[in-house]
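Asks: Can you read through this structure? Questions will come right after.
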Amino acid sequence: MRERFLYGLDLEKIHSLHEFEALLMDYIRAYNTGYHAGIGCSPFERCQSTKDPVRLPRSREWLEESFLNRVTRKVRKDATVPIDCRSYDVPMQFISQKVEIRCLPDDMDSAFILYEGEHFPIRATDKNANCRTRRENTVPVDYTKIGGGN
457 MRERFLYGLD
467 LEKIHSLHEF
477 EALLMDYIRA
487 YNTGYHAGIG
497 CSPFERCQST
507 KDPVRLPRSR
517 EWLEESFLNR
527 VTRKVRKDAT
537 VPIDCRSYDV
547 PMQFISQKVE
557 IRCLPDDMDS
567 AFILYEGEHF
577 PIRATDKNAN
587 CRTRRENTVP
597 VDYTKIGGGN
């Protein structure tokens, strides 16, 4: 299209950028509304017949969540996950599970885990508090009761 327009252009009739722009717009309008044998109609008609109606988002919250970064991490035994060389505390119910964390890269304060439609916030780990946190430990196995002892 560009070559056809430029080859048919008489540069001596153009005295300003405004005139050039008007000629270009006229050419594009004629091209888009003219019949094209390859598609059996004009490009404008083809575009109008194939475009789907614009869909509205379900909600503002859904739209904002759609543009968040998604990071999958396995939660460590101390209920933390590493993201960009920093540790973040997550709810203990996710220990040893893979979780999907949604966040804005420059705003980790608003990061959260989305699990079964529910938001679980995460926060930067306070290493002093984390080392003193009591965790729900599983009952230790007593091998003497299951026949492992002498």
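Reading the sequence shown from the start, the letters are residues 457 to 606 in my numbering. Ideal Cβ placement from N, Cα and C applies to all residues, glycine included. Given the structure is predicted, the values throughout are model-derived calculations rather than measurements.
What residue range is occupied by the uninterrupted alpha helix (DSSP H) comprising residue 491?
Replies: First-last for residue 491: undefined, no H or E at that position.
Asks: Please confirm whether residue 554 and residue 530 have their CB atoms less than 8 Å apart.
Replies: yes
Asks: What does a CB cutoff of less than 8 Å around residue 524 pick up in its chain, not counting 5 residues either side in sequence?
Replies: 558, 559 and 560
Asks: Fully enclosed by the stretch 540-596, which alpha helix (DSSP H) runs are 4 residues long or longer?
Replies: Counting only runs of 4 or more, we get 583-588.
Asks: Which residues does DSSP list as the beta-bridge partners of residue 530?
Replies: Partner(s): 554.
Asks: For the alpha helix (DSSP H) holding residue 520, just list the boundary residues, first then last.
Replies: For residue 520, the enclosing alpha helix (DSSP H) covers residues 516-522.
Asks: Could you have a look at residue 513 and say whether DSSP puts it in helix, strand or coil?
Replies: In this structure, residue 513 counts as coil in the three-state DSSP scheme.
Asks: Go to residue 599, then tell me how far its alpha helix (DSSP H) extends in each direction, as first and last residue.
Replies: Looking at the DSSP string, residue 599 is not in any alpha helix (DSSP H), and its letter there is neither H nor E.
Asks: Hey, how far is the Cα of residue 516 from the Cα of residue 510?
Replies: 16 Å
Asks: Could you spell out the range, first to last residue, of the alpha helix (DSSP H) harbouring residue 505?
Replies: 499-506
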